[in-house]
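Quick notes on the structure that follows.
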Amino acid sequence: HGSHSDSHFMLLQMGMGSGLGGHGHPPDDKEVAVAFVRMIVCLLILEFALLKYRKDAYNRTVWGLFGAHVVGFMGSDAFGTMQEAFPWNQSVGAAGFVAVLCGVYFAVLLYFVGRFRANYLIPTNPEGEVEVSEEEEHAYHHYEHQCVHSENEFVAFCVGLLITQTARFAICGYLPGAHGVQLNPHKTQIEYLGMFSVLSGLTIFAIAAGKVAVENFAGAAAEKLARVFDLITCIMASAMAWGLLYWIKWIFWYKTQGAGLAGSGNVMFGQLCMAILASWIGLGFTVGVEYTKGKITTSALAYGLTQFNVGLFMVIGFTWETCFLTAMYDMVDDSVTYAHSTTAEKAWARAKVSGGLCILLLPAWSRYIFPKSILADTHVHSEHEGEGHGHGHGHDHGHGEHGGEEPGADAGGHEAGKAPPDAPEVALGTASPPHAS
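Residue numbers (my numbering): 872 to 1308.
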(Lines of atoms letter the chains of each structure in order from A and count residues from 1; the text may use other names and numbers.)
(Lines give C-alpha, C1' and ligand atoms only; values in the text may rest on other atoms or scores of the structure.)
Protein backbone atom coordinates (compact mmCIF):
# COMPACT_ATOMS: atom_id res chain seq x y z
CA HIS A 1 0.00 0.00 0.00
CA GLY A 2 2.95 2.30 0.61
CA SER A 3 3.98 1.89 -3.03
CA HIS A 4 0.49 2.90 -4.16
CA SER A 5 0.58 6.01 -1.99
CA ASP A 6 4.10 6.96 -3.15
CA SER A 7 2.92 6.62 -6.74
CA HIS A 8 -0.09 8.82 -6.02
CA PHE A 9 2.12 11.47 -4.39
CA MET A 10 4.47 11.61 -7.39
CA LEU A 11 1.59 11.79 -9.86
CA LEU A 12 0.12 14.75 -8.00
CA GLN A 13 3.34 16.63 -8.64
CA MET A 14 3.46 15.65 -12.31
CA GLY A 15 -0.23 16.48 -12.76
CA MET A 16 0.12 20.05 -11.54
CA GLY A 17 -0.03 21.45 -15.06
CA SER A 18 -3.64 20.35 -15.43
CA GLY A 19 -4.77 22.82 -12.79
CA LEU A 20 -5.76 26.25 -14.00
CA GLY A 21 -5.12 28.43 -11.01
CA GLY A 22 -7.30 31.01 -9.34
CA HIS A 23 -9.86 33.04 -11.20
CA GLY A 24 -9.36 36.21 -9.17
CA HIS A 25 -13.05 37.03 -9.78
CA PRO A 26 -16.36 35.17 -9.87
CA PRO A 27 -16.14 32.98 -12.98
CA ASP A 28 -18.53 33.75 -15.80
CA ASP A 29 -20.55 31.35 -17.97
CA LYS A 30 -17.82 31.14 -20.60
CA GLU A 31 -15.22 30.00 -18.08
CA VAL A 32 -17.61 27.38 -16.70
CA ALA A 33 -18.41 26.09 -20.21
CA VAL A 34 -14.74 25.86 -21.19
CA ALA A 35 -13.95 23.98 -17.98
CA PHE A 36 -16.70 21.42 -18.66
CA VAL A 37 -15.64 20.90 -22.28
CA ARG A 38 -12.08 20.30 -21.14
CA MET A 39 -13.25 17.77 -18.53
CA ILE A 40 -15.41 15.84 -21.01
CA VAL A 41 -12.60 15.67 -23.58
CA CYS A 42 -10.15 14.34 -20.98
CA LEU A 43 -12.70 11.80 -19.75
CA LEU A 44 -13.30 10.51 -23.27
CA ILE A 45 -9.57 10.19 -23.85
CA LEU A 46 -9.18 8.20 -20.63
CA GLU A 47 -12.01 5.79 -21.39
CA PHE A 48 -10.80 5.30 -24.97
CA ALA A 49 -7.23 4.64 -23.80
CA LEU A 50 -8.37 2.08 -21.22
CA LEU A 51 -10.47 0.39 -23.90
CA LYS A 52 -7.61 0.42 -26.40
CA TYR A 53 -5.13 -1.09 -23.92
CA ARG A 54 -7.57 -3.40 -22.15
CA LYS A 55 -5.32 -6.40 -22.93
CA ASP A 56 -2.05 -4.57 -22.33
CA ALA A 57 -1.57 -4.53 -18.55
CA TYR A 58 1.34 -2.09 -18.42
CA ASN A 59 -0.11 0.62 -20.70
CA ARG A 60 -3.56 0.16 -19.21
CA THR A 61 -2.20 0.80 -15.72
CA VAL A 62 -0.18 3.84 -16.81
CA TRP A 63 -3.19 5.38 -18.54
CA GLY A 64 -5.38 4.52 -15.56
CA LEU A 65 -3.04 6.26 -13.13
CA PHE A 66 -2.33 9.39 -15.13
CA GLY A 67 -5.76 9.63 -16.70
CA ALA A 68 -7.61 9.42 -13.39
CA HIS A 69 -5.56 12.28 -11.98
CA VAL A 70 -5.97 14.49 -15.02
CA VAL A 71 -9.71 13.88 -15.22
CA GLY A 72 -9.95 14.41 -11.46
CA PHE A 73 -8.19 17.76 -11.76
CA MET A 74 -10.32 18.80 -14.72
CA GLY A 75 -13.56 17.65 -13.11
CA SER A 76 -12.75 19.46 -9.88
CA ASP A 77 -11.94 22.60 -11.85
CA ALA A 78 -15.18 22.33 -13.85
CA PHE A 79 -17.55 21.77 -10.94
CA GLY A 80 -15.46 23.95 -8.62
CA THR A 81 -15.69 26.81 -11.12
CA MET A 82 -19.42 26.28 -11.35
CA GLN A 83 -19.70 26.31 -7.56
CA GLU A 84 -17.90 29.67 -7.38
CA ALA A 85 -20.10 31.21 -10.08
CA PHE A 86 -23.43 32.97 -9.61
CA PRO A 87 -25.95 31.83 -8.37
CA TRP A 88 -24.29 28.80 -6.79
CA ASN A 89 -22.04 30.95 -4.59
CA GLN A 90 -24.99 32.69 -2.93
CA SER A 91 -25.93 30.11 -0.28
CA VAL A 92 -24.75 26.92 1.41
CA GLY A 93 -27.66 25.02 -0.09
CA ALA A 94 -26.82 26.13 -3.63
CA ALA A 95 -23.15 25.23 -3.18
CA GLY A 96 -24.11 21.86 -1.74
CA PHE A 97 -26.45 21.27 -4.66
CA VAL A 98 -23.45 21.49 -7.00
CA ALA A 99 -21.80 18.67 -5.05
CA VAL A 100 -24.97 16.58 -5.36
CA LEU A 101 -25.25 17.46 -9.06
CA CYS A 102 -21.65 16.36 -9.59
CA GLY A 103 -22.36 13.02 -7.92
CA VAL A 104 -25.51 12.45 -9.98
CA TYR A 105 -23.74 13.44 -13.21
CA PHE A 106 -20.94 10.94 -12.69
CA ALA A 107 -23.33 8.24 -11.41
CA VAL A 108 -25.42 8.41 -14.59
CA LEU A 109 -22.35 8.64 -16.82
CA LEU A 110 -20.58 5.70 -15.20
CA TYR A 111 -23.77 3.62 -15.26
CA PHE A 112 -23.94 3.82 -19.06
CA VAL A 113 -20.18 3.33 -19.42
CA GLY A 114 -20.43 0.22 -17.25
CA ARG A 115 -23.37 -1.07 -19.26
CA PHE A 116 -21.36 -0.64 -22.45
CA ARG A 117 -18.45 -2.61 -21.01
CA ALA A 118 -20.71 -5.41 -19.78
CA ASN A 119 -22.85 -5.72 -22.92
CA TYR A 120 -20.41 -5.19 -25.76
CA LEU A 121 -16.96 -6.26 -24.63
CA ILE A 122 -17.87 -9.81 -23.58
CA PRO A 123 -20.18 -11.61 -26.02
CA THR A 124 -22.88 -13.78 -24.44
CA ASN A 125 -25.58 -16.05 -25.83
CA PRO A 126 -29.32 -15.47 -25.19
CA GLU A 127 -29.03 -17.44 -21.94
CA GLY A 128 -26.40 -15.01 -20.67
CA GLU A 129 -23.52 -17.49 -20.87
CA VAL A 130 -20.10 -16.09 -21.77
CA GLU A 131 -18.93 -17.05 -25.26
CA VAL A 132 -15.24 -16.20 -24.91
CA SER A 133 -12.27 -18.15 -23.66
CA GLU A 134 -11.38 -18.19 -19.98
CA GLU A 135 -8.22 -16.24 -20.77
CA GLU A 136 -10.18 -13.46 -22.50
CA GLU A 137 -12.67 -13.31 -19.67
CA HIS A 138 -9.77 -13.09 -17.20
CA ALA A 139 -8.28 -10.17 -19.16
CA TYR A 140 -11.67 -8.43 -19.19
CA HIS A 141 -11.93 -8.59 -15.41
CA HIS A 142 -8.51 -6.96 -15.05
CA TYR A 143 -9.63 -4.24 -17.44
CA GLU A 144 -12.87 -3.80 -15.50
CA HIS A 145 -10.96 -3.45 -12.23
CA GLN A 146 -8.76 -0.75 -13.73
CA CYS A 147 -11.78 1.15 -15.05
CA VAL A 148 -13.59 0.97 -11.72
CA HIS A 149 -10.63 2.21 -9.71
CA SER A 150 -9.78 4.99 -12.15
CA GLU A 151 -13.41 6.12 -12.17
CA ASN A 152 -13.65 5.97 -8.38
CA GLU A 153 -10.51 8.05 -8.13
CA PHE A 154 -11.51 10.98 -10.33
CA VAL A 155 -15.05 11.06 -8.93
CA ALA A 156 -13.62 11.19 -5.39
CA PHE A 157 -11.33 14.06 -6.40
CA CYS A 158 -14.27 16.13 -7.61
CA VAL A 159 -16.93 15.38 -5.03
CA GLY A 160 -14.46 15.52 -2.13
CA LEU A 161 -13.46 19.08 -3.02
CA LEU A 162 -17.06 20.21 -3.48
CA ILE A 163 -18.11 18.77 -0.12
CA THR A 164 -15.20 20.50 1.60
CA GLN A 165 -16.00 23.82 -0.05
CA THR A 166 -19.63 23.50 1.04
CA ALA A 167 -18.49 22.83 4.60
CA ARG A 168 -16.21 25.88 4.49
CA PHE A 169 -19.15 27.95 3.20
CA ALA A 170 -21.23 26.81 6.19
CA ILE A 171 -18.36 27.64 8.57
CA CYS A 172 -17.42 31.06 7.14
CA GLY A 173 -20.80 32.35 5.99
CA TYR A 174 -19.49 32.84 2.45
CA LEU A 175 -17.76 30.62 -0.11
CA PRO A 176 -13.96 30.97 0.26
CA GLY A 177 -12.02 30.68 -2.97
CA ALA A 178 -10.58 27.24 -3.61
CA HIS A 179 -7.44 28.96 -4.91
CA GLY A 180 -5.17 31.63 -3.55
CA VAL A 181 -3.83 32.31 -0.07
CA GLN A 182 -6.07 30.75 2.56
CA LEU A 183 -6.45 33.25 5.41
CA ASN A 184 -8.89 33.04 8.30
CA PRO A 185 -8.49 35.19 11.44
CA HIS A 186 -11.26 33.37 13.35
CA LYS A 187 -9.98 30.65 15.67
CA THR A 188 -13.40 29.06 16.08
CA GLN A 189 -13.86 28.65 12.33
CA ILE A 190 -10.44 27.03 12.06
CA GLU A 191 -11.41 24.57 14.79
CA TYR A 192 -14.67 23.76 13.01
CA LEU A 193 -12.80 22.93 9.82
CA GLY A 194 -10.49 20.66 11.80
CA MET A 195 -13.53 18.91 13.26
CA PHE A 196 -14.96 18.46 9.76
CA SER A 197 -11.71 16.80 8.64
CA VAL A 198 -11.68 14.46 11.64
CA LEU A 199 -15.33 13.56 11.09
CA SER A 200 -14.62 12.78 7.43
CA GLY A 201 -11.77 10.51 8.50
CA LEU A 202 -13.96 8.66 11.00
CA THR A 203 -16.69 8.24 8.39
CA ILE A 204 -14.20 6.27 6.29
CA PHE A 205 -14.18 3.47 8.85
CA ALA A 206 -17.97 3.38 9.22
CA ILE A 207 -18.48 3.05 5.47
CA ALA A 208 -15.64 0.52 5.20
CA ALA A 209 -17.48 -1.72 7.67
CA GLY A 210 -20.59 -1.51 5.50
CA LYS A 211 -18.62 -2.38 2.38
CA VAL A 212 -17.07 -5.47 3.95
CA ALA A 213 -20.47 -6.58 5.28
CA VAL A 214 -22.04 -6.30 1.82
CA GLU A 215 -19.25 -8.38 0.28
CA ASN A 216 -20.34 -11.36 2.36
CA PHE A 217 -23.38 -11.66 0.11
CA ALA A 218 -23.30 -13.06 -3.40
CA GLY A 219 -24.95 -11.69 -6.50
CA ALA A 220 -24.77 -8.74 -8.85
CA ALA A 221 -26.73 -6.46 -6.51
CA ALA A 222 -24.26 -7.01 -3.68
CA GLU A 223 -21.37 -6.40 -6.05
CA LYS A 224 -22.83 -3.08 -7.21
CA LEU A 225 -23.60 -2.03 -3.67
CA ALA A 226 -20.03 -2.86 -2.66
CA ARG A 227 -18.79 -0.51 -5.37
CA VAL A 228 -21.06 2.24 -4.06
CA PHE A 229 -19.59 1.81 -0.58
CA ASP A 230 -16.09 1.78 -2.07
CA LEU A 231 -16.74 5.00 -3.96
CA ILE A 232 -18.20 6.76 -0.92
CA THR A 233 -15.17 5.71 1.11
CA CYS A 234 -12.89 7.21 -1.52
CA ILE A 235 -14.94 10.43 -1.51
CA MET A 236 -14.65 10.76 2.27
CA ALA A 237 -10.89 10.16 2.10
CA SER A 238 -10.70 12.96 -0.48
CA ALA A 239 -12.88 15.26 1.65
CA MET A 240 -10.64 14.57 4.64
CA ALA A 241 -7.57 15.42 2.56
CA TRP A 242 -9.02 18.67 1.22
CA GLY A 243 -10.26 19.63 4.68
CA LEU A 244 -6.84 19.01 6.23
CA LEU A 245 -5.14 20.95 3.44
CA TYR A 246 -7.23 24.07 4.05
CA TRP A 247 -7.00 23.60 7.82
CA ILE A 248 -3.19 23.47 7.62
CA LYS A 249 -3.18 26.70 5.62
CA TRP A 250 -5.62 28.45 7.94
CA ILE A 251 -3.81 27.41 11.12
CA PHE A 252 -0.36 28.20 9.71
CA TRP A 253 -1.14 31.79 8.75
CA TYR A 254 -3.26 32.28 11.88
CA LYS A 255 -0.52 31.11 14.27
CA THR A 256 2.14 33.16 12.50
CA GLN A 257 -0.19 36.18 12.25
CA GLY A 258 0.25 36.26 8.47
CA ALA A 259 4.03 36.62 8.74
CA GLY A 260 5.10 32.99 8.26
CA LEU A 261 7.91 31.33 10.19
CA ALA A 262 10.53 33.77 8.88
CA GLY A 263 8.38 36.76 9.74
CA SER A 264 8.52 38.19 6.23
CA GLY A 265 5.10 37.02 5.02
CA ASN A 266 6.69 35.49 1.92
CA VAL A 267 4.12 33.11 0.45
CA MET A 268 6.63 30.83 -1.27
CA PHE A 269 8.61 30.28 1.92
CA GLY A 270 5.38 29.74 3.83
CA GLN A 271 4.28 27.10 1.35
CA LEU A 272 7.61 25.33 1.68
CA CYS A 273 7.36 25.33 5.47
CA MET A 274 3.84 23.91 5.35
CA ALA A 275 4.88 21.20 2.90
CA ILE A 276 7.86 20.13 5.00
CA LEU A 277 5.84 20.05 8.22
CA ALA A 278 2.96 18.18 6.55
CA SER A 279 5.42 15.67 5.07
CA TRP A 280 7.11 14.79 8.33
CA ILE A 281 3.91 14.64 10.35
CA GLY A 282 1.99 12.83 7.61
CA LEU A 283 4.72 10.26 7.02
CA GLY A 284 4.88 9.61 10.75
CA PHE A 285 1.15 8.92 10.84
CA THR A 286 1.27 6.68 7.76
CA VAL A 287 4.08 4.58 9.22
CA GLY A 288 2.00 4.17 12.39
CA VAL A 289 -1.07 3.23 10.33
CA GLU A 290 0.85 0.62 8.34
CA TYR A 291 2.27 -0.83 11.56
CA THR A 292 -1.24 -1.02 13.02
CA LYS A 293 -2.55 -2.75 9.90
CA GLY A 294 0.05 -5.45 10.35
CA LYS A 295 -1.29 -6.21 13.82
CA ILE A 296 -5.01 -6.46 13.08
CA THR A 297 -7.09 -9.19 11.48
CA THR A 298 -10.37 -7.33 10.94
CA SER A 299 -10.81 -6.78 7.19
CA ALA A 300 -13.11 -3.75 7.63
CA LEU A 301 -10.58 -1.95 9.84
CA ALA A 302 -7.72 -2.84 7.50
CA TYR A 303 -9.60 -1.50 4.51
CA GLY A 304 -10.51 1.68 6.42
CA LEU A 305 -6.89 2.22 7.41
CA THR A 306 -5.83 1.80 3.77
CA GLN A 307 -8.21 4.53 2.68
CA PHE A 308 -7.18 6.72 5.62
CA ASN A 309 -3.54 6.39 4.53
CA VAL A 310 -4.49 7.39 1.00
CA GLY A 311 -6.04 10.56 2.38
CA LEU A 312 -2.88 11.36 4.34
CA PHE A 313 -0.69 10.98 1.27
CA MET A 314 -3.08 13.19 -0.67
CA VAL A 315 -2.50 15.94 1.89
CA ILE A 316 1.28 15.61 1.54
CA GLY A 317 0.98 15.66 -2.24
CA PHE A 318 -1.31 18.69 -2.21
CA THR A 319 1.02 20.74 0.00
CA TRP A 320 4.04 20.07 -2.21
CA GLU A 321 1.99 20.66 -5.32
CA THR A 322 1.07 24.07 -3.96
CA CYS A 323 4.78 24.84 -3.59
CA PHE A 324 5.42 24.03 -7.23
CA LEU A 325 2.39 26.00 -8.35
CA THR A 326 3.39 29.04 -6.32
CA ALA A 327 6.88 28.92 -7.80
CA MET A 328 5.49 28.47 -11.30
CA TYR A 329 3.19 31.47 -11.04
CA ASP A 330 5.98 33.53 -9.50
CA MET A 331 8.13 32.66 -12.51
CA VAL A 332 5.44 33.58 -15.03
CA ASP A 333 2.65 35.83 -13.72
CA ASP A 334 4.86 37.92 -11.44
CA SER A 335 7.81 37.99 -13.81
CA VAL A 336 8.91 41.11 -15.66
CA THR A 337 9.47 38.93 -18.72
CA TYR A 338 5.76 38.18 -19.03
CA ALA A 339 4.46 41.50 -17.68
CA HIS A 340 2.89 42.45 -21.01
CA SER A 341 2.09 38.96 -22.27
CA THR A 342 -1.41 37.81 -23.14
CA THR A 343 -3.32 35.25 -21.10
CA ALA A 344 -2.62 32.59 -23.73
CA GLU A 345 1.12 33.34 -23.71
CA LYS A 346 1.25 33.06 -19.93
CA ALA A 347 -0.70 29.81 -20.04
CA TRP A 348 1.79 28.42 -22.58
CA ALA A 349 4.71 29.52 -20.39
CA ARG A 350 3.19 27.76 -17.36
CA ALA A 351 2.63 24.65 -19.48
CA LYS A 352 6.33 24.60 -20.39
CA VAL A 353 7.33 24.86 -16.74
CA SER A 354 4.95 22.01 -15.87
CA GLY A 355 6.32 19.93 -18.74
CA GLY A 356 9.85 20.49 -17.50
CA LEU A 357 8.86 19.27 -14.06
CA CYS A 358 7.32 16.14 -15.57
CA ILE A 359 10.54 15.45 -17.45
CA LEU A 360 12.44 15.62 -14.17
CA LEU A 361 10.05 13.44 -12.17
CA LEU A 362 8.90 10.82 -14.67
CA PRO A 363 12.16 8.82 -14.86
CA ALA A 364 12.36 8.42 -11.08
CA TRP A 365 8.69 7.49 -10.82
CA SER A 366 8.79 4.97 -13.68
CA ARG A 367 12.06 3.43 -12.49
CA TYR A 368 11.54 3.13 -8.75
CA ILE A 369 7.90 3.66 -7.76
CA PHE A 370 5.64 2.41 -10.56
CA PRO A 371 7.16 -1.13 -10.70
CA LYS A 372 6.55 -1.52 -6.96
CA SER A 373 2.93 -0.51 -7.43
CA ILE A 374 2.54 -3.27 -10.00
CA LEU A 375 4.15 -5.85 -7.70
CA ALA A 376 1.85 -4.78 -4.86
CA ASP A 377 -1.18 -5.20 -7.13
CA THR A 378 0.00 -8.64 -8.22
CA HIS A 379 0.48 -9.75 -4.62
CA VAL A 380 -2.94 -8.50 -3.49
CA HIS A 381 -4.74 -10.03 -6.46
CA SER A 382 -3.05 -13.41 -5.92
CA GLU A 383 -4.08 -13.38 -2.27
CA HIS A 384 -7.72 -12.74 -3.11
CA GLU A 385 -7.83 -15.39 -5.80
CA GLY A 386 -6.42 -17.81 -3.26
CA GLU A 387 -9.22 -16.88 -0.88
CA GLY A 388 -11.79 -17.60 -3.57
CA HIS A 389 -12.83 -14.03 -4.21
CA GLY A 390 -12.36 -14.30 -7.92
CA HIS A 391 -12.75 -11.09 -9.86
CA GLY A 392 -15.48 -9.27 -8.02
CA HIS A 393 -15.34 -5.51 -8.10
CA GLY A 394 -14.24 -4.66 -4.67
CA HIS A 395 -13.36 -7.49 -2.37
CA ASP A 396 -11.12 -5.66 0.03
CA HIS A 397 -9.05 -4.21 -2.77
CA GLY A 398 -9.20 -0.74 -1.36
CA HIS A 399 -8.63 2.42 -3.30
CA GLY A 400 -6.05 1.06 -5.63
CA GLU A 401 -5.77 -2.63 -4.89
CA HIS A 402 -6.66 -4.69 -7.84
CA GLY A 403 -5.35 -6.23 -10.92
CA GLY A 404 -2.32 -8.41 -11.10
CA GLU A 405 -0.82 -10.22 -14.01
CA GLU A 406 -2.86 -11.29 -16.96
CA PRO A 407 -1.97 -14.37 -18.96
CA GLY A 408 0.64 -13.27 -21.43
CA ALA A 409 0.81 -9.72 -20.06
CA ASP A 410 3.39 -7.93 -17.98
CA ALA A 411 1.38 -6.87 -14.95
CA GLY A 412 -1.51 -4.69 -13.93
CA GLY A 413 -2.25 -2.45 -11.03
CA HIS A 414 -3.58 0.79 -9.70
CA GLU A 415 -3.67 3.08 -6.72
CA ALA A 416 -5.77 5.73 -5.15
CA GLY A 417 -6.11 9.33 -5.20
CA LYS A 418 -7.64 12.62 -5.96
CA ALA A 419 -8.37 16.66 -6.85
CA PRO A 420 -7.08 19.73 -8.53
CA PRO A 421 -4.14 21.73 -7.26
CA ASP A 422 -4.68 24.35 -4.61
CA ALA A 423 -3.76 26.94 -7.16
CA PRO A 424 -1.22 29.72 -7.08
CA GLU A 425 -0.85 31.76 -3.97
CA VAL A 426 0.72 34.97 -5.12
CA ALA A 427 0.62 37.33 -2.15
CA LEU A 428 -0.82 37.51 1.33
CA GLY A 429 -2.88 40.50 0.45
CA THR A 430 -4.63 38.90 -2.50
CA ALA A 431 -7.06 36.62 -0.74
CA SER A 432 -10.43 36.94 -2.43
CA PRO A 433 -13.08 38.87 -0.47
CA PRO A 434 -16.45 37.23 0.06
CA HIS A 435 -18.01 38.76 -3.05
CA ALA A 436 -15.14 37.56 -5.27
CA SER A 437 -14.98 33.97 -4.13
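For glycine and all other residues, C-beta sits at the position ideal for the given N, C-alpha and C.
Of the listed residues the options, nearest to residue i (C-alpha basis)
i, options, result
"Ala970", "Arg909, Gly946, Thr1104", "Gly946"
"Trp1191", "Gly1153, Val1099, Gly1165", "Gly1153"
"Met1145", "Thr1197, Leu1096, Gly1165, Lys1095", "Thr1197"
"Tyr1014", "Glu918, Gly1134, Pro958, Thr1059", "Glu918"
"Leu1033", "Ala1220, Asp948, Phe987", "Asp948"
"Gly1031", "Val908, Tyr1117, Arg986", "Tyr1117"
"Thr932", "Ile911, Leu981, His1016, Ala989", "His1016"
"Gly1182", "Ala1041, Leu1073, Met1111, Lys1166", "Met1111"
"Met1185", "Asp1101, Asn990, Gly1072", "Gly1072"
"Tyr1027", "Gly974, Asp900, Phe1040", "What sits at residue 1027 in the sequence shown is Ala, not Tyr. Residue Gly974 is the option with its Cα nearest to Ala1027."
"Asn960", "Leu915, Arg1039, Phe983", "Arg1039"
"Leu1115", "Leu1231, Phe968, Glu1008, Met1066", "Met1066"
"Tyr1174", "Ser1150, Phe1076, Ile1230", "Phe1076"
"Trp833", "Val1203, Phe937, Phe968, Leu1132", "This structure gives no information on residue 833, because the portion of the chain shown stretches from 872 to 1308."
"Tyr924", "Ile911, Leu992, Ala904", "Leu992"
7 Å CB neighbourhood of residue i in its chain, flanking five on each side removed
i, result
"Ile1122", "Ile1061"
"Pro898", "Thr952, Glu955, Ala956"
"Asp1201", "Met1139"
"Ala1235", "none"
"Ala1080", "Ala1171"
"Phe1100", "Ile1078, Gly1081, Lys1082, Val1085"
"Asp877", "Because the pLDDT of Asp877 is 49, which lies under 50, any placement of that residue in the model is unreliable, and the question is left without a value."
"Val1158", "none"
"Ser1068", "Met1111, Gly1114, Leu1115, Trp1118"
"Ala1149", "Ile1119, Val1186, Ile1187, Thr1190"
Close beta carbons around residue i, own chain, < 6 Å, minus the five adjacent residues each side
i, result
"Leu1176", "Val1160, Lys1164"
"Val1083", "Ser1170, Ala1171"
"Ala906", "Asp948, Ala949, Thr952"
"Leu1102", "Asn1023"
"Met1199", "Arg1221, Val1224"
"Phe977", "Val1026"
Residue i beta carbon near the ligand MG (any heavy atom closer than 7 Å)
i, result
"Ala956", "As presented, the structure is devoid of all ligands, the ligand MG included, so that no description of it is given."
Sequence-distant residues of the same chain with beta carbon closer than 8 Å to residue i, five excluded per side
i, result
"Leu981", "Glu1022, Val1026"
"Leu921", "Arg931, Trp934, Gly935, Gly938, Tyr1014, Gln1017, Cys1018, Ser1021"
"Lys828", "With the chain represented from 872 up to 1308, any question about residue 828 goes unanswered, as that position is not in the structure."
Residue-level contact to chain B via CB, residue i, 8 Å cutoff
i, result
"Gly974", "Of the protein chains in this structure there is only one, and it is not chain B."
For the structure I just gave you, are there three or more beta carbon pairs, one from the stretch 1039-1055 and one from the stretch 1099-1110, closer than 8 Å?
Inter-segment contact for the stretch 1039-1055 and the stretch 1099-1110 is absent: fewer than three beta-carbon pairs are separated by less than 8 Å.
Across the stretch 935-949 and the stretch 1009-1021, are there enough close Cβ pairs to call them in contact, namely three or more that are closer than 8 Å?
Pairwise C-beta distances place the stretch 935-949 in contact with the stretch 1009-1021, as three or more of them are shorter than 8 Å.
Could you pull out every unbroken alpha helix (DSSP H) segment of at least 4 residues lying fully inside the stretch 1117-1175, listed in chain order?
Counting only runs of at least 4 residues, the stretch 1117-1175 fully encloses the following alpha helix (DSSP H) elements, listed from N- to C-terminal order: 1138-1164.
Return the chain-ordered ranges of every alpha helix (DSSP H) run that is complete within the stretch 1035-1102 and spans a minimum of 4 residues.
Qualifying alpha helix (DSSP H) stretches, in chain order: 1058-1085.
Starting from the N-terminal side, write out each stretch of the alpha helix (DSSP H) that is 4 residues or longer and does not extend beyond the stretch 893-937.
Qualifying alpha helix (DSSP H) stretches, in chain order: 900-923.
What residue ranges within the stretch 1173-1248 form continuous alpha helix (DSSP H) runs of no fewer than 4 residues, ordered along the chain?
Counting whole runs of 4 or more residues, the stretch 1173-1248 contains the alpha helix (DSSP H) stretches 1214-1235.
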